[in-house]
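K.L.:
The structure follows.
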Amino acid sequence: MRVAALASRLAARLEGPGDAEITRVAGLADADATCLAALFEPRFRAQAAQTAAAAVLTTPALARHLPPTTTRLVTDDARAAWGVALRLLHPRPAVAPPPPGVHPLACVDATAEVHPAARVGPFVVIGAGARIGADAALFAGVYVGAGAVVGPRATLHPGATLLDACEVGADAFIGSRAVIGSPGFGLDAAGRVPQIGRALIGERATLGAGTCVDRGTVGDTVVGADAHLDNLVQVGHNARVGAGAVLCGQVGLAGGAVVEAAAVLGGQAGVAGGAVVGAGARVAAQSGVTRDLTPGGTFSGHPAEDNRARLRRLARLKRLADP
Amino acid sequence: MRVAALASRLAARLEGPGDAEITRVAGLADADATCLAALFEPRFRAQAAQTAAAAVLTTPALARHLPPTTTRLVTDDARAAWGVALRLLHPRPAVAPPPPGVHPLACVDATAEVHPAARVGPFVVIGAGARIGADAALFAGVYVGAGAVVGPRATLHPGATLLDACEVGADAFIGSRAVIGSPGFGLDAAGRVPQIGRALIGERATLGAGTCVDRGTVGDTVVGADAHLDNLVQVGHNARVGAGAVLCGQVGLAGGAVVEAAAVLGGQAGVAGGAVVGAGARVAAQSGVTRDLTPGGTFSGHPAEDNRARLRRLARLKRLADP
Amino acid sequence: MRVAALASRLAARLEGPGDAEITRVAGLADADATCLAALFEPRFRAQAAQTAAAAVLTTPALARHLPPTTTRLVTDDARAAWGVALRLLHPRPAVAPPPPGVHPLACVDATAEVHPAARVGPFVVIGAGARIGADAALFAGVYVGAGAVVGPRATLHPGATLLDACEVGADAFIGSRAVIGSPGFGLDAAGRVPQIGRALIGERATLGAGTCVDRGTVGDTVVGADAHLDNLVQVGHNARVGAGAVLCGQVGLAGGAVVEAAAVLGGQAGVAGGAVVGAGARVAAQSGVTRDLTPGGTFSGHPAEDNRARLRRLARLKRLADP
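Here it is as structure tokens:
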């Protein structure tokens, strides 16, 4: 794709010649004359000054750090345009799915319904009555239990586990070795209590590698549509993650915790059972949520509280202690 | 099972007609006329008022929130009775094990001893000299190394790893993608030190999905009988977890850490190497244990200390800073 | 090996008869007359007094706690000598690799290059154009994506995942169910942004069980040579871990975080995106690094700061609050 066409697709202002052919994106330091690079964080200015990229996507404020001969694609929201450029120039996933059809070394129950256009790799198991949608990709070693459902175009990376009766929505992504529907941590004097609910992953939701979403004890554990969970996240039984919520790496939700729509939890934050993180709230990394948090606020600490009030208090305490 | 019979099995007082036939448990909102539901947390009162359940298990204090025509099963410890009811009405696990026998696509060493009543799924590996007990269930993709032992009726969910010479006791449960017996994190100037000990999981102990228990460097790492570890828990080399101890999600025990019998660690708590959490002690979520904690106490913070003293100090500091 | 020869190999002073034959190491409490044990931590004095070991490796200060008839191997750095002894007496790994060659139940693409001396277990997948070096060991269920590279003598334990185009260096060790090269957590309004970079693991580096290293968004995520990552560690896209760095269990690095050479992060510590932990810095367990940390320092807390200054302030605050 020529630079001029790319600028047009990104709604960016073209500064410099637009006839070079772009075949891929690259980092500022690695780019060559076939590459688009990007500069939207000031800390990469030094790399920008040396770049050999054919063109660089950047902001009005940062454009001057580029070599004078480099073509610029300038837009106020260069970060968003970068995502668009990545999708345009790299339409195929970097991790290649198995080819369509069922690999001869997969183990598919006779009563499972696998769409002919689904991609099922070797060493995959699909249990009785499970349903696999069109263009779904089950990489090698994926386990789909009895009665489980994988929606159309959903992707399960190598060794992901989807246990019986649980569901993954259309276009969802499940990382390698993630586990959906494991029996949760409900204990009584006789040990683990039976867990008869399900775990349901919404459309376009994504789960990182090694992330675990337990099934509900009674009723379901739900990860809403367009929610994004990073790697090694723990979601306890009957927790609810709202649509569009974001859980960064190693976040933990206890059984029955609630994260409402579009809330964002920083890495290693935790939410206690029954606590509700309100819609759109932002919780700092490593915070511990023990009570309901109001929608839209910003919170930090353990127990998590209003971030500004906490920082003010910490500053006062620092003055008291460091005279 | 009729409601009256159920009440009797649960040692609950029957209030209302006892002749309805119960086939399953369900949540208050999802239940129909064939269901038993439960109300033992006040926050579900509103749902209780609308329930269509045939009968509801509840406490004397909460019974009045139910529709007047709903049959009640009343007991002071409704939570415990709920576990009993779940086991009575749902005796089969929600996650179906493979059928008895060895799947033709399993890979079992000729010198392994697999009980004829064991259940071995596809893509399972069982190494030389390993022993698998009666009615043990090895789901698809489980790895059992040379000389490892799986006790009778133990269950290993899909993709669990039990490395060479390690043991899982009778009736234990190992979650999907859990790893037992990985070489631990003993480092010296030449890199990782050989780890020649074992990891031993006790009878009726349970490990959640993705949980890791390293083998001992010299001597064994031990998880005691009836201990319960949630998902994504890390147990370092030569750590010891006592009988009946409870480790919530994402807890981490460094090499050589000790958690004595019946102690409870909240989610994301950590214990340093050599520190001892005394029997029956309770440690709050996200705490960091750096020193021995006395049996039976309640602790929080990093470094973990007596919870009451810490809360008192934090309250005083808050007053100092927020005048 | 005779005790005298062993003392010589360990550069330890022999005190007592040196003719006993040593066949293995063992813990003080488990050792018999064929064993070498060690005493270099004072807390094991009581066990030492009762040991039946043929010989004990110890320090000048602790030797007096041993039975008078026990042969001692005395050296100032008994801990380091213990690692040497373990490697001498236990040259073969406690976890047995598959035999050389490709197991008939492995699934190897016709265009992959697998060295004839590589060890490839059952249910392994090796994708198109991947390269597996001499004496590399791929345990059962390992996934190697298209174009990925495994260096000579590298070991991947059961169910480890190495996704397309990613690389593991010579002599590296990858724990069971670890995931290398999963698409990272780069989000924009349209969901996850394509992740087209790679993840590169250096020579002799080690990754624990369940550890995740995401591929770079553009450019690579890099774990340097001789770096050691414990279990359940999360390394985000484009993070860089320097040579010889040590990341203890459950550490989390956000996308773009940097840990320079030989830095050490305690368990459950986290580093924010773009923050740099300087070379040789030490960060306490559970700390949260939000800003650059100077090389060689010791840091703790959230946000992480100079450890000594923080402890001083906490002590002053304690005096203020606990009068």
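Chains as they are written, first to last, in my numbering: chain A, 92 to 414; chain W, 92 to 414; chain U, 92 to 414.
Even for Gly, the Cβ is constructed at its ideal location relative to N, Cα and C.
What you are looking at is a predicted structure, and each value in this text was computed from that prediction instead of being measured.
1. Step through the CB atoms of chain W and report whether any lies within less than 8 Å of the CB of Asn322/U.
2. Can you pull the chain A neighbours of Ala376/W, defined as C-beta to C-beta under 9 Å?
3. The alpha helix (DSSP H) that contains Leu119/W, what's its start and end?
4. Spatial neighbours of Pro394/U within its chain, please: C-beta separation below 8 Å, excluding the five flanking residues on both sides.
5. Does the count of Cβ pairs from the stretch 247-259 of chain U and the stretch 170-183 of chain A closer than 8 Å reach three?
6. Given that Thr385/U touches chain A, what residues does it touch there, using C-beta distances under 8 Å?
7. Considering only C-alpha positions, which residue in the set Ala144/U, Thr166/U, Ala152/U and Ala172/U is nearest to Thr160/U?
8. Measuring only the C-alpha atoms, how far is Arg155/W from Asp311/A?
9. So if I threshold CB-CB distances at 8 Å, which residues from the stretch 291-303 of chain U count as touching chain A?
10. So if I threshold CB-CB distances at 8 Å, which residues from the stretch 267-280 of chain U count as touching chain W?
11. Tell me the rounded alpha-carbon separation between Ala261/U and Val233/U.
12. Tell me which residue opens and which closes the alpha helix (DSSP H) that Arg170/A is part of.
13. For Leu157/U, which of helix, strand or coil comes out of DSSP?
14. Mind reading off the beta-carbon distance from Thr308/U to His328/U? Whole number of angstroms is fine, and I expect it under 8 Å.
15. Here's the rule: buried if 16 or more other CB atoms are within 10 angstroms of the residue's CB, otherwise exposed. What is Leu402/A?
16. Could you list which residues in chain U have their beta carbon closer than 7 Å to that of Pro422/W, in chain order?
17. Alpha carbon to alpha carbon, how far is Ala372/W from Leu320/W?
18. Would you please verify whether the beta carbon of Ala122/A is less than 8 Å from any beta carbon of chain W?
19. Could you check where the beta strand (DSSP E) with Arg163/U kicks off and where it finishes?
20. What residue does the beta strand (DSSP E) around Arg104/A start on, and which one ends it?
21. To the nearest angstrom, how far is it from the Cα of Leu119/U to the Cα of Gln138/U?
22. Strictly under 8 Å for the Cβ-Cβ distance: is Gly174/A near chain U by that measure?
23. Just to confirm my understanding: we take Val349/A, look at its own chain, exclude 5 residues before and 5 after, and list those with CB closer than 6 Å. What are they?
24. Tell me which residues share the same chain as Leu157/A and place their Cβ nearer than 8 Å to its Cβ, disregarding the 5 neighbours each side in the sequence.
25. Answer yes or no: does any C-beta atom of chain W fall closer than 8 Å to that of Val199/U?
26. Since Ala256/A meets chain W, which of its residues come closer than 8 Å, beta carbon to beta carbon?
27. Ends of the beta strand (DSSP E) at Ser273/U?
28. Give the single residue among Gly369/U, Gly365/U and Ala376/U whose Cα lies nearest to the Cα of Val342/U.
29. Spell out whether any CB of chain W is found under 8 Å from the CB atom of Val94/U.
30. Give every residue of the same chain whose Cβ lies closer than 6 Å to the Cβ of Ala352/W, excluding the five residues on either side of it in the sequence, and list them in chain order.
31. Assuming Ala412/W is part of the beta strand (DSSP E), what are its boundary residues?
32. Would you call Asp387/U buried or exposed, if buried means 16 or more other Cβ atoms sit within 10 Å of its Cβ?
33. List the whole-angstrom C-beta distance separating Asp255/A from Gly277/A, where the pair is believed to meet the contact cut-off of C-beta under 8 Å.
34. Name, please, each residue of chain U whose Cβ falls closer than 8 Å to the Cβ of Thr252/W.
35. Please work out which residues of its chain come closer than 6 Å, Cβ to Cβ, to Gly109/U, disregarding the five sequence neighbours upstream and downstream, and give them in chain order.
36. Using a Cβ-Cβ distance cut-off of 8 Å, determine whether Asp305/U contacts chain W.
P.N.:
A quick look at the data gives this:
1. yes
2. Neighbours of Ala376/W on chain A, chain order: Gly343, Ala345, Gly361, Ala363, Gly379, Thr381 and His393.
3. That residue, Leu119/W, is in no alpha helix (DSSP H); it is neither H nor E in DSSP.
4. Gly379, Val380, Thr381 and Arg382
5. no
6. The contacting residues do not exist; Thr385/U stays about 17 Å from chain A at best.
7. Ala144/U
8. 27 Å
9. Gly301 and Cys303
10. Ser267 and Arg268
11. 17 Å
12. Ala169 to Leu180
13. coil
14. 5 Å
15. exposed
16. Outside the displayed span of chain W (92 to 414) sits residue 422/W, for which this structure offers no information.
17. 16 Å
18. no
19. Thr162 to Val165
20. Arg104 to Glu106
21. 6 Å
22. yes
23. Arg331 and Val367
24. Taken in chain order, the residues that qualify are Leu130, Ala139, Ala140, Thr142, Val147, Thr149 and Arg163.
25. no
26. Ala185
27. Val270 to Ser273
28. Ala376/U
29. no
30. Gly333, Ala334, Gly335 and Ala370
31. Ala412/W -> not in any beta strand (DSSP E); alpha helix (DSSP H) instead, spanning Asn398 to Ala412.
32. Rather than Asp, the amino acid found at residue 387/U in this sequence is Gly. Gly387/U is exposed by the Cβ-count criterion.
33. Going by Cβ atoms, the distance from Asp255/A to Gly277/A rounds to 17 Å, so no, they are not a contact pair.
34. His248, Pro249, Gly250, Ser267, Arg268 and Ala300
35. Val94 and Ala95
36. No, no contact with chain W.
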